[in-house]
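> Here it is: the structure, laid out below.
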Amino acid sequence: MSSSSAVTEAPDPRGGALPGTLPRLLAGIPPEGAMSLEEHLAVHGPLPELGGGRRRDRDEGARLVEEIERAGLLGHGGAAFPTARKMRAVAAARGRAIVVANGAEGEPASRKDRTLMASLPHLVLDGASLAATAVGASEAIVCVCGSAPASLQALNGALEERELRPDPRRSTSIRLAEVPGDYVAGEESALLKHLAGGAATPTFRPPMPYEQGLRRRPTLIQNVETLAHIALIARHGAAWFRRLGTASEPGSALVTLSGPVAHPGVYEIEHGASLSSLIEAGGGATAGFRGALLGGYGGSWIAAERLHGVALSNEHLAAHGASLGAGVVLLLSDEACPVAETARVARWLALQSAGQCGPCVHGLDSLAATLAQIATGSAPAKAGARIERLAALVSRRGACGHPDGAVSLLLSALESFSVEFADHARHGACERCASPSELPLPRRSQAKAEPSTRGPFA
Amino acid sequence: MSERLRVNPIACEAHGMCAELLPERITLDEWGYPLIDGRPLEPRLVQNALRAAQACPTFALLVERDGDNRRR
Numbered sequence: 001m002s003s004s005s006a007v008t009e010a011p012d013p014r015g016g017a018l019p020g021t022l023p024r025l026l027a028g029i030p031p032e033g034a035m036s037l038e039e040h041l042a043v044h045g046p047l048p049e050l051g052g053g054r055r056r057d058r059d060e061g062a063r064l065v066e067e068i069e070r071a072g073l074l075g076h077g078g079a080a081f082p083t084a085r086k087m088r089a090v091a092a093a094r095g096r097a098i099v100v101a102n103g104a105e106g107e108p109a110s111r112k113d114r115t116l117m118a119s120l121p122h123l124v125l126d127g128a129s130l131a132a133t134a135v136g137a138s139e140a141i142v143c144v145c146g147s148a149p150a151s152l153q154a155l156n157g158a159l160e161e162r163e164l165r166p167d168p169r170r171s172t173s174i175r176l177a178e179v180p181g182d183y184v185a186g187e188e189s190a191l192l193k194h195l196a197g198g199a200a201t202p203t204f205r206p207p208m209p210y211e212q213g214l215r216r217r218p219t220l221i222q223n224v225e226t227l228a229h230i231a232l233i234a235r236h237g238a239a240w241f242r243r244l245g246t247a248s249e250p251g252s253a254l255v256t257l258s259g260p261v262a263h264p265g266v267y268e269i270e271h272g273a274s275l276s277s278l279i280e281a282g283g284g285a286t287a288g289f290r291g292a293l294l295g296g297y298g299g300s301w302i303a304a305e306r307l308h309g310v311a312l313s314n315e316h317l318a319a320h321g322a323s324l325g326a327g328v329v330l331l332l333s334d335e336a337c338p339v340a341e342t343a344r345v346a347r348w349l350a351l352q353s354a355g356q357c358g359p360c361v362h363g364l365d366s367l368a369a370t371l372a373q374i375a376t377g378s379a380p381a382k383a384g385a386r387i388e389r390l391a392a393l394v395s396r397r398g399a400c401g402h403p404d405g406a407v408s409l410l411l412s413a414l415e416s417f418s419v420e421f422a423d424h425a426r427h428g429a430c431e432r433c434a435s436p437s438e439l440p441l442p443r444r445s446q447a448k449a450e451p452s453t454r455g456p457f458a
Numbered sequence: 001m002s003e004r005l006r007v008n009p010i011a012c013e014a015h016g017m018c019a020e021l022l023p024e025r026i027t028l029d030e031w032g033y034p035l036i037d038g039r040p041l042e043p044r045l046v047q048n049a050l051r052a053a054q055a056c057p058t059f060a061l062l063v064e065r066d067g068d069n070r071r072r
């Protein structure tokens, strides 16, 4: 606990990163602008010396991976993959590794990564540098969506501060890369293809990034929040990390709460915290809601009547067919029509296809068309069966997980709002169908390449 | 060691040759893209599977050995 004295001096009157309590990542977060290097060191303390001298870099890296493994840290980009396992695979692969920090955050309802990068850039940079040590990389690239200028600015400023106050024990070269804001651009292989100079579209695997990633070198890709947790685990240790959360999902998580609450925004929760405590932290509900979207647009709906007692951990959410994913918690208000919202998101998701894989291009398009028919009451009699068939034709048939995520979301909407869907199929649009969209649907920042025109029916 | 079929969905352009040459394991969906039975190939089908892979105009059909990422 090298930083305990520094923590007591933290500007945050609640005690900042006092071991075992919240907030951790968000300790001392400035009301606006980015936390300076000086403030960062005052709140969290300096990075501890894990090894001794450069000669022992390898030991230092191995010890850090062990600590992360004991902490039980899981990735915060959506898949909740064990971070240490990924690191070991990268460290074991042949060649000098590269670290890629993924801050692309293409998830429309998520704000947590850009908030973290814009407000607390040094946590992300600490984590990137530590991850490089862990896997024996000399280079780290932080990828930030071009539509998050505050994040880019904060990280640029933070890198400049660090250049003026270099840490002699750490020589990782860190640079920023601006990536497109498209939904699939943040997918691992798409990110790597973009960094290599290509379009930000997924590639066919294997080879996996951990064996042959950027410049054919073993590449560790971690979400920026995951890296920020590493910055704290390195300082406080695995036992401290495990004082929050559950046995299978230790620690805290950043979530983006939106919908009819008094203060929508980014919150830090303990894994396993109740949904009601999050809503309370957000100032309470300002209106009734029909359900909650968990995870993001590749996630799942839980209907309002099943939300009582819901806890925010993957273990608990699995029983509801949901997961915490990228930390999106979106409440859909009573004012919205879940059928119209789902039909709009279905069309948006179809447009997000990179246009490379036939089943995704045609399947998501057909799903969106069928849902639009249901929403307007013009669907043929067996539209439900058609959707099930399309879902099966799309699932697991793309190079990336986009079609699978889209299908998961749409099927869970049909299940959670089955009464509303049946009503629309019979009677057409309802009076709430024309309500303004509550589910965010960003416009594309740039012209998209034409969808594939290949195939016999295209 | 056994062989399995896999499709590179990015390379696949729905020519449909594979389903002609290996109907035992490959059918086409409503858009013409192959639906693959990914269970291990019976030995008697391996030759035909390799022929189907070679016949694919975009080399999108792969015959892969278990535990081996090398494509044949």
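In order, the protein sequence lines correspond to chains F and A. Counting in this note's numbering, the first sequence runs from 1 upward without gaps. Counting in this note's numbering, the second sequence runs from 1 upward without gaps. Note that the Cβ used here is the ideal one computed from N, Cα and C, for glycine as well.
Please name the residue, chosen from F/A281, F/A311, F/F289, F/S258, that lies closest to F/G296 on a Cα-to-Cα basis.
As a position in the first sequence, residue 296 of chain F is number 296, starting the count at 1. Of the listed residues, the one whose Cα sits closest to F/G296 is F/S258.
> Find the nearest neighbour of F/R386 within the set F/G363, F/R432, F/D423, F/A406, judged by alpha-carbon distance.
Translated into the one-based positions of the first sequence, residue 386 of chain F becomes position 386. Measuring from the Cα of F/R386, the nearest candidate turns out to be F/G363.
> Does any residue of chain F bring its CB to less than 7 Å from the CB of A/A53?
Translated into positions along the second sequence, residue 53 of chain A becomes position 53. Output row for A/A53: interface = no.
> What are the residues that DSSP puts in a beta bridge with A/T27?
As a first step, residue 27 of chain A is located in the second sequence; it is residue number 27 there, counting from the start. BP columns for A/T27 point to A/L35.
> Rounded to a whole number of angstroms, what is the C-alpha to C-alpha distance between F/G291 and F/E160?
Here residue 291 of chain F refers to the residue found at position 291 of the first sequence. Here residue 160 of chain F refers to the residue found at position 160 of the first sequence. Looking at the two C-alpha atoms, the distance is approximately 45 Å.
> Just the C-alpha distance for F/V348 and A/Q47, rounded to the nearest angstrom, thanks.
Numbered from its first residue, the first sequence carries residue 348 of chain F at position 348. Numbered from its first residue, the second sequence carries residue 47 of chain A at position 47. Per the sequence shown, residue 348 of chain F should be read as Trp rather than Val. Distance between the alpha carbons of F/W348 and A/Q47: 43 Å.
> Beta carbons nearer than 7 Å to chain F: which residues of the segment 29-60 of chain A have them?
Residues D29, W31, G32, Y33.
> How is the alpha helix (DSSP H) around F/L414 delimited, first residue to last?
As a position in the first sequence, residue 414 of chain F is number 414, starting the count at 1. Segment 402-416, the alpha helix (DSSP H) holding F/L414.
> Span of the alpha helix (DSSP H) holding F/G245?
Position 245 of the first sequence, counting from 1, holds the residue named residue 245 of chain F. Taken as a continuous stretch (DSSP letters only), F/G245 belongs to no alpha helix (DSSP H), as it is neither H nor E.
> Kindly give me the distance between the Cβ atoms of F/L332 and F/E438, rounded to whole angstroms, as I take these residues to be in contact under 8 Å.
Counted from its first residue, the first sequence places residue 332 of chain F at position 332. Counted from its first residue, the first sequence places residue 438 of chain F at position 438. Yes, they are in contact, since the Cβ atoms of F/L332 and F/E438 sit about 6 Å apart, within 8 Å.
> For F/R135 and A/L41, I'd like the C-alpha separation in whole angstroms.
Taking the first sequence and counting its residues from 1, one reaches residue 135 of chain F at position 135. Taking the second sequence and counting its residues from 1, one reaches residue 41 of chain A at position 41. Contrary to the premise, residue 135 of chain F reads as Val rather than Arg in this sequence. Between F/V135 and A/L41, the C-alpha separation is close to 39 Å.
> Between the segment 390-424 of chain F and chain A, which residues of the former have a C-beta closer than 8 Å to a C-beta of the latter?
For the segment 390-424 of chain F, which is checked against every Cβ of chain A, the residues closer than 8 Å are L393, R397, G398, A399.
> Where do the ends of the alpha helix (DSSP H) carrying F/T83 lie?
As a first step, residue 83 of chain F must be located in the first sequence, where it is residue number 83. Start and end: 83-92.
> Quick check on this structure: which residue in F/A128, F/E268, F/L324, F/A89 has the alpha carbon closest to the alpha carbon of F/T115?
Numbered from its first residue, the first sequence carries residue 115 of chain F at position 115. Cα-wise, what sits closest to F/T115 is F/E268.
> Mind reading off the beta-carbon distance from A/L45 to A/L62? Whole number of angstroms is fine, and I expect it under 8 Å.
For this step, residue 45 of chain A is matched to residue 45 along the second sequence. For this step, residue 62 of chain A is matched to residue 62 along the second sequence. About 15 Å; that fails the 8 Å criterion.
> Look at the alpha carbon of F/L351 and the alpha carbon of F/G284, and state the distance between them as a whole number of angstroms.
Reading the first sequence from its first residue, position 351 is the one you call residue 351 of chain F. Reading the first sequence from its first residue, position 284 is the one you call residue 284 of chain F. The straight-line gap from Cα to Cα measures roughly 35 Å.
> Among F/D404, F/S129, F/H122, F/P46, which one has its Cα closest to the Cα of F/K79?
Working through the first sequence from its first residue, we reach residue 79 of chain F at position 79. Looking at the sequence itself, residue 79 of chain F is Ala, so the reference to Lys does not match. For F/A79, the nearest C-alpha among the options comes from F/D404.
> Compare the Cα-Cα distances from F/V100 to each of F/P82, F/E139, F/G77, F/D113 and report the closest residue.
Start at 1 with the first residue of the first sequence, and residue 100 of chain F comes out as number 100. Nearest of F/P82, F/E139, F/G77, F/D113 to F/V100, Cα basis: F/E139.
> According to DSSP, F/N314 sits in a beta bridge with which residue or residues?
On the first sequence, position 314 is the one that residue 314 of chain F refers to. Its beta-bridge partners do not exist; DSSP assigns none.
> Are the Cβ atoms of F/C360 and F/E187 separated by less than 7 Å?
Reading the first sequence from its first residue, position 360 is the one you call residue 360 of chain F. Reading the first sequence from its first residue, position 187 is the one you call residue 187 of chain F. Contact flag unset, no.
> Less than 8 Å between the CB atoms is what I'm expecting for F/A200 and F/C145, so what's the real figure, rounded?
Looking up residue 200 of chain F in the first sequence gives position 200. Looking up residue 145 of chain F in the first sequence gives position 145. Not confirmed; about 10 Å, so no contact.
> If we ignore side chains and look at the alpha-carbon of each, how far apart do F/H231 and F/L47 end up?
Along the first sequence, read from residue 1 onward, the residue named residue 231 of chain F stands at position 231. Along the first sequence, read from residue 1 onward, the residue named residue 47 of chain F stands at position 47. First, the amino acid is wrong: residue 231 of chain F is Ala here, not His. Going by the C-alpha atoms only, they are around 8 Å apart.
> Quick one: Cα of F/V90 to Cα of A/L35, how far?
By 1-based counting over the first sequence, the position of residue 90 of chain F is 90. By 1-based counting over the second sequence, the position of residue 35 of chain A is 35. The straight-line gap from Cα to Cα measures roughly 33 Å.
> Between which two residues does the beta strand (DSSP E) carrying A/E64 extend?
Position 64 of the second sequence holds residue 64 of chain A. Per DSSP, A/E64 belongs to the beta strand (DSSP E) from 61-65.
> Beta-carbon within less than 6 Å of F/A281's beta-carbon, same chain only, minus the 5 sequence neighbours each way: which residues are those?
Position 281 of the first sequence, counting from 1, holds the residue named residue 281 of chain F. Y267.
> Can you say whether A/D29 is buried or exposed, counting buried as having 16 or more other CB atoms within 10 angstroms of its CB?
Position 29 of the second sequence, counted from the first residue, corresponds to residue 29 of chain A. It is buried - the Cβ of A/D29 has at least 16 other Cβ atoms within 10 Å.
> Per the DSSP calculation, F/L257 is bridged to which residue(s)?
To locate residue 257 of chain F, count along the first sequence from 1; it is residue 257. According to DSSP, which records beta bridges pairwise, F/L257 is partnered with F/G265, F/V329.
> Taking Cβ to Cβ, would you say F/T256 is nearer than 7 Å to F/G327?
Stepping through the first sequence from its first residue, residue 256 of chain F is reached at position 256. Stepping through the first sequence from its first residue, residue 327 of chain F is reached at position 327. Their beta carbons are under 7 Å apart, which means F/T256 touches F/G327 by this criterion.
> Within 10 angstroms of the Cβ of F/S416, are there 16 or more other Cβ atoms? Answer buried if so, exposed if not.
What you label residue 416 of chain F is simply residue 416 of the first sequence in a count that begins at 1. That one is buried.
> Would F/P82 count as contacting chain A if we go by Cβ distances under 7 Å?
The residue labelled residue 82 of chain F in the question sits at position 82 within the first sequence. No, F/P82 lies away from the interface with chain A (no Cβ there is under 7 Å from its Cβ).
> Between which residues of its own chain and A/Y33 is the CB-CB distance below 7 Å, once the five residues before and five after are set aside?
Here residue 33 of chain A refers to the residue found at position 33 of the second sequence. Cβ within range, chain order: C12, A14.
> Identify each residue in the segment 7-23 of chain A for which the Cβ-Cβ distance to at least one residue of chain F is less than 9 Å, and report them in chain order.
If the cut-off is 9 Å between Cβ atoms, the segment 7-23 of chain A has V7, N8, P9, I10, A11, C12, E13, A14, H15, G16 near chain F.
> Identify which residue in F/R63, F/Q356, F/V345, F/A381 has its Cα closest to the Cα of F/L367.
Counting from 1 along the first sequence, the entry for residue 367 of chain F is found at position 367. It is F/V345.
> Sorry if obvious, but does the Cβ on F/P202 come closer than 6 Å to a heavy atom of the ligand HEM?
Questions concerning the ligand HEM fall outside what the structure shown contains, since it holds no ligand whatsoever.
> Please determine, among F/R162, F/Q356, F/I374, F/A132, the residue with the shortest C-alpha to C-alpha distance to F/S39.
By 1-based counting over the first sequence, the position of residue 39 of chain F is 39. Checking the sequence, you will find Glu at residue 39 of chain F rather than Ser. Of the candidates F/R162, F/Q356, F/I374, F/A132, the one whose C-alpha sits nearest the C-alpha of F/E39 is F/R162.
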